[in-house]
Each structure stands twice: as structure tokens, then as C-alpha cells.
Amino acid sequence: MTAPFSWIRPEPWGIHIVPADAWIDPSRAVPRALVTHGHADHARGGHGTTLATPATLAIMELRYQTREGASPVNYGETVDVGDGVSATFLPAGHVLGSAQILLEHAGERVIITGDYKRAPDPTCAPFQVTPCDIFITEATFGLPVFTHPPITEEIGKLLTARAENPDACILVGAYALGKAQRVIAELRASGHTDTIWLHGAMEAMCRLYEEHGVALGDLRLVSDAPSKDALRGSIILAPPSALNDRWSRRLPDPVTAMASGWMRVRARARQRGVELPLIISDHADWNELTGTIAEVNPQETWITHGREEALLRWCELSQRRARALALVGYEDEDD
Ligand SMILES: [Zn+2]
Ligand SMILES: [Zn+2]
2 MTAPFSWIRP EPWGIHIVPA DAWIDPSRAV PRALVTHGHA DHARGGHGTT
52 LATPATLAIM ELRYQTREGA SPVNYGETVD VGDGVSATFL PAGHVLGSAQ
102 ILLEHAGERV IITGDYKRAP DPTCAPFQVT PCDIFITEAT FGLPVFTHPP
152 ITEEIGKLLT ARAENPDACI LVGAYALGKA QRVIAELRAS GHTDTIWLHG
202 AMEAMCRLYE EHGVALGDLR LVSDAPSKDA LRGSIILAPP SALNDRWSRR
252 LPDPVTAMAS GWMRVRARAR QRGVELPLII SDHADWNELT GTIAEVNPQE
302 TWITHGREEA LLRWCELSQR RARALALVGY EDEDD
């Protein structure tokens, strides 16, 4: 008889499913990986076999130009990963294709959330609350100070800024995978039907989303604009790195905005020269993190990938068994 949960082991470079010799979101190349979603800190190229949702595999193919060893698993589908361990991919509500992974072995159930959020997002399937014994949660915004306002409020600020600056343009920094498409979809949902202009680095991912059924309306590349004047009064999306570089000089008097959960921190907005901070995150905020732990109600919570200490303390105060993991190699590409 083996000790409970000895089949799952957190290592610095990922979570190891010992009997199956497979890894969840490993930060280095392994023979067999299960990948929660396409952000670079979770999905890396070079694995022998990669189990992931079809959309995540498509994102990985786009980013790494490799489809070798791709093994698609649909939401709700359970696959045998070997030696009595099964894996089920469940929606995580983070970005297109993002999944929590439920592992089952000898009657024991472990969920790895990957990154997740509970706020509604028209570009991906909503997080599914699922009972388990061990809940391994992310904690990117694991401090009580982090509360994300409803996205409609932030989109309203963006549309107001645009209306107030008819001769300028609003340049929104947004991550190319997930954030950009969510901002576009929410603009469309609020009735904004005008052309939205894109930096070239966003084109392929937007097209991929559309191929997966997420309608984004009329999108055009800034490089295809007939003149600088054609961009006046418009909304333009670019990766955060392009906000203050040479590329933005071609734009007519841009008002610089940024869509990120970190925009809650004024100093961060100032550092980046952001005039219009938009608190839009694809991660759970403090209330979503604690609310989800309470709702899933696991025997034990393992915390990783962010601000472990405060969430650990919250678990202790609410009489929940918890531990912090020390995984390496996670950056916030995707905040
Ligand atoms: Zn992440
Ligand atoms: Zn992510």
C-alpha cells in the first residue's frame, strides 16, 4: 500500500505524475507533457508528446511551428495517461483552450487549475467547479488588494476616452494571447462596430481565435492604414512592449492605455507611461481565488505561481490544509 498522493509530486520544473512519468506544464522539455494552456510560461515546445485541448495545441503550433507529438483531448474527455492514472481536461475560463486538469489515481482526485478566472469571458468556456481532494491553484493576484472591477466598467472608460479624443487615437497595450481578443470581443459586445486596428504581432492569434469560433469583427493592421489621419478617433491594440517604442510614432497623438490586472497598482501604470490604466485581468482576483477554494472545498490546497504567502495564510485562518509549492520558470506573460 503506497502513501496517499505519493503518485503526484511537485518538482521545481513542473508537477510530476510519477507512475505515468508525465508532467503538467513542465518548464523544460520532457518525453510526455500535459499542458493547461498556451501561454509561454506553461506551454513550451520540444516535448515528445503533448496532451492538451485542440485550441491549446493550435496555439502551440502557431508559436512553435511544431505539431509533432500533439495529442488532442477535448473538454470533459478522460484519457488514460498510464499506470492507472487518468486525466480529464475541464474549462478554466482563462484564455481560449485553457483547461484545469483533473488527475485520478486509486480513488484519489487532484486538480491542477493552471491559470484561471471566474469572471465571464466571451472568448472562452467558463471555469467549471469540480470536487477533488487536492486543489492546486495559481495565485498570481493572491493579495487582498487585488480586486478586478467588472470588465464593462473598464471598457466604458476606454470608449469614453475615445469619444473625448476624436482627433487622437487610443493605443491599448494588451497581451497577444487572450487579453487582446477579450478586449476586442468586449468592445464588440458593448456596441463598438468600427474597425479596430492591430499591431502586426496580434494578427495571427486573432485569426486563430476566429477560426475557433470567436467573432472579432472588422480588424485591420496599422501598417495597412492609408494615412496617419485614417487612424484618428480609433482604437488600436498592440503588445505592451510596443507602447513606447518606435512603432508607436506612426500613430496620431496616441493616448496610451494598458489592459492588465497590474494596473490596480498605480506605480506600475506610471512606470510604463500609461495614461489610461484598464484593470482587465485573465486571472482570478483575491475574491475569486478564496471563493473558488471555498466552493471546491478540497481536503488540501496547494498554492503556486504567484503570491503564495497571503493565500496560504487565508487557508490557515479558515482551517484549510494548504502548502505553497516552489515551482520555477513562471513569469506573468498573461496577466
Ligand atoms: Zn501563467
Ligand atoms: Zn496564462
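The working numbering numbers the first residue of the sequence shown as 2 and each following residue consecutively.
Just so it is clear, CB atoms sit at the ideal spot from N, CA and C, and this is done for glycine as well.
Heavy atom of ligand 1 within 6 Å of residue i beta-carbon
i      : result
His40  : yes
Asp116 : yes
Any non-hydrogen atom of ligand 2 within 6 Å of residue i CB
i      : result
Asp286 : no
C-alpha distance - residue i paired with residue j, whole-angstrom precision
i      : j      : result
Met264 : Arg251 : 25 Å
Leu209 : Gly46  : 18 Å
Arg29  : Pro13  : 10 Å
Ala181 : Gly49  : 31 Å
Ser228 : Asp219 : 18 Å
Met2   : Leu277 : Any reading at Met2 is ruled out, since the residue's pLDDT is 48, under 50, leaving its predicted position unreliable.
Glu165 : Asn75  : 45 Å
Val297 : Thr131 : 6 Å
Asp134 : His95  : 22 Å
Gln272 : Gly262 : 15 Å
Asn195 : Lys118 : It is worth fixing the name first, because residue 195 is Asp in this sequence and not Asn. Each residue's alpha carbon lies about 29 Å from the other.
Cys207 : Ala126 : 17 Å
Ser235 : Gln320 : 51 Å
Glu204 : Thr148 : 30 Å
Ile281 : Gly174 : 11 Å
Thr141 : Ala327 : 14 Å
Leu313 : Lys158 : 35 Å
Pro240 : Arg33  : 31 Å
Thr305 : Cys316 : 14 Å
His110 : Leu103 : In the sequence under discussion, the amino acid at residue 110 is Arg, which differs from the His named in the question. In a straight line, the C-alpha of Arg110 is about 7 Å away from that of Leu103.
Gln66  : Ala41  : 14 Å
Leu238 : Trp303 : 36 Å
Arg183 : Ala4   : 44 Å
Range covered by the alpha helix (DSSP H) that runs through residue i
i      : result
Ala270 : 267–272
Ile294 : 287–297
Trp315 : 309–318
Endpoints, the beta strand (DSSP E) within which residue i is located
i      : result
Val82  : 79–83
Thr124 : Here Thr124 belongs to no beta strand (DSSP E), and DSSP marks it neither H nor E.
Gly15  : 15–18
Leu238 : 236–239
Arg247 : Run containing Arg247: none; DSSP gives neither H nor E here.
Val111 : 109–113
Met259 : 255–260
Ile9   : 9–12
Thr89  : 86–92
Ala71  : 71–73
Pro278 : 277–279
Leu217 : Leu217 -> no beta strand (DSSP E), and no H or E assigned at all.
Residue i beta carbon near ligand 3 (any heavy atom closer than 6 Å)
i     : result
Val36 : You won't find ligand 3 in this model; what it holds is ligand 1 and ligand 2.
TODO: Let me know the beta strand (DSSP E) ranges lying completely inside the region 31–66, each 3 residues or longer, listed in chain order.
DONE: Inside the region 31–66, DSSP marks whole beta strand (DSSP E) runs of 3 or more residues at positions 33–35, 50–53, from first to last along the chain.
TODO: Tell me the start and end of each unbroken alpha helix (DSSP H) in the region 133–215 that is at least 4 residues and wholly inside, in chain order.
DONE: Fully enclosed alpha helix (DSSP H) runs of 4 or longer: 152–165, 180–190, 204–212.
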